[in-house]
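**Student:**
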Amino acid sequence: MAFLECLHLTRNYGKGAVTVTAVQDVSLQVEKGEFLCLTGRSGSGKTTLLHLLGALESPSTGAVYLDGREITRFSPRMKSHLLRTRVSFVFQSLNLITSLTILENTVLPLRYSRVKRMERIEKGRKVLQEVGLGKRLGAYPSELSGGEMQRVAVARALAKCSDLLLADEPTGELDTATAREITDLLLEVNRVHGTTVVVASHDPYVVGKAARVVELRDGKIS
Ligand SMILES: Nc1ncnc2c1ncn2[C@@H]1O[C@H](COP(=O)(O)OP(=O)(O)OP(=O)(O)O)[C@@H](O)[C@H]1O
Ligand SMILES: [Mg+2]
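Each residue of the sequence shown is one higher than the one before, counting from 203 in our numbering.
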């Protein structure tokens with residue numbers, strides 16, 4: 203079985219006549235250490251599939267397996283443990299907390315995994331260094347550019363040392379040059395740390411760089 207695998211995944215929203223099928227009968231295998239891009243036009247189901255793969259949402263039917271375990275059957279408690287320890291998300295809306303410095307933002311998820319304070323700070327410094335923000339540890343999100351904020355979101359995902367990184371349109375709001383930098387950063391994370399990366403994007407640069415591209419059309423793999 204592949205590292206990450208989904209079988210006949212379907213996700214409906216709404217009821218009766220107004221049902222929207224966001225993801226329809228998707229089966230997909232992702233090997234450990236792969237860099238996969240989910241592409242497709244707006245509304246094709248990329249975000250929904252990404253959320254299903256990371257157990258942020260539950261499918262209407264079908265199953266997701268991570269390392270051979272069916273995570274779609276996990277209890278809420280097991281799911282939250284999974285999200286604290288093994289799966290990282292980089293959301294399009296970066297979810298940075300404006301009242302915290304970028305160092306504090308980066309290591310916030312570690313607090314929930316009960317990592318000790320000194321260790322958290324150490325880790326935060328290291329990953330912020332890695333994304334090129336080592337000199338801005340005390341800056342607040344409002345003091346950063348869009349690209350730099352995106353870097354913090356990647357750093358925060360890295361701090362957890364998860365083995366699966368799911369990124370939703372990580373270059374969506376950025377100019378071409380910065381979008382390339384963020385893409386290259388994700389590629390480097392994949393290469394250096396061996397993190398399995400699934401990125402939802404319709405950015406041609408990301409699509410071009412990904413080792414494998416899966417295109418969604420109306421919720422289905424085309
Ligand atoms: N919570 C929801 N309730 C109802 N419909 C939803 C919900 N979330 C998504 N949808 C619908 O499911 C379909 C797929 O949405 P999704 O967000 O997965 O697309 P996407 O490919 O990520 O699009 P984009 O490129 O614009 O981000 C769309 O038709 C959308 O309107
Ligand atoms: Mg989306």
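We put the CB at the ideal spot given by N, CA and C, even for glycine.
1) I think Thr212 touches Thr221, with their Cβ atoms under 8 Å apart; what is that distance to the nearest whole Å?
2) Please state whether DSSP places Leu307 in a helix, a strand or coil.
3) Please classify Arg393: is it buried, with 16 or more other beta-carbons within 10 angstroms of its beta-carbon, or exposed?
4) I'd like the ranges of any alpha helix (DSSP H) spanning at least 4 consecutive residues and lying wholly in the region 334-392.
5) Please state whether DSSP places Gly264 in a helix, a strand or coil.
6) So the beta strand (DSSP E) Leu298 belongs to, where does it begin and stop?
7) Looking only at its own chain, which residues have a Cβ that is under 7 Å from the Cβ of Thr249, when we skip the five neighbours before and after it?
8) Return the first residue and the last residue of the beta strand (DSSP E) that Leu258 is part of.
9) Is Ala359 a contact residue of ligand 1, with contact defined as CB to any heavy atom under 8 Å?
10) Can you list, in chain order, the residues of its chain with a C-beta nearer than 7 Å to that of Asp269? Leave out the 5 residues immediately preceding and following it.
11) Go ahead and pull the three-state DSSP assignment for Glu236.
12) Could you give the first and the last residue of the continuous alpha helix (DSSP H) run that contains Ser403?
13) Under 9 Å, do Pro311 and Lys362 count as touching if we go by C-beta distance?
**Tutor:** For this structure:
1) That pair is no contact at about 11 Å.
2) Residue 307 is actually Asn in this sequence, not Leu. Of the three classes helix, strand and coil, the one that applies to Asn307 here is helix, per DSSP.
3) exposed
4) 348-361
5) strand
6) Neither: Leu298 is in no beta strand (DSSP E) and is coded neither H nor E.
7) Asp370, Ala402
8) Neither: Leu258 is in no beta strand (DSSP E) and is coded neither H nor E.
9) no
10) Its chain contains Phe205 as the residues whose beta carbon lies nearer than 7 Å to that of Asp269, once the 5 sequence neighbours on both sides are disregarded; these appear in chain order.
11) coil
12) Segment: none, Ser403 is in no alpha helix (DSSP H) and carries neither H nor E.
13) yes
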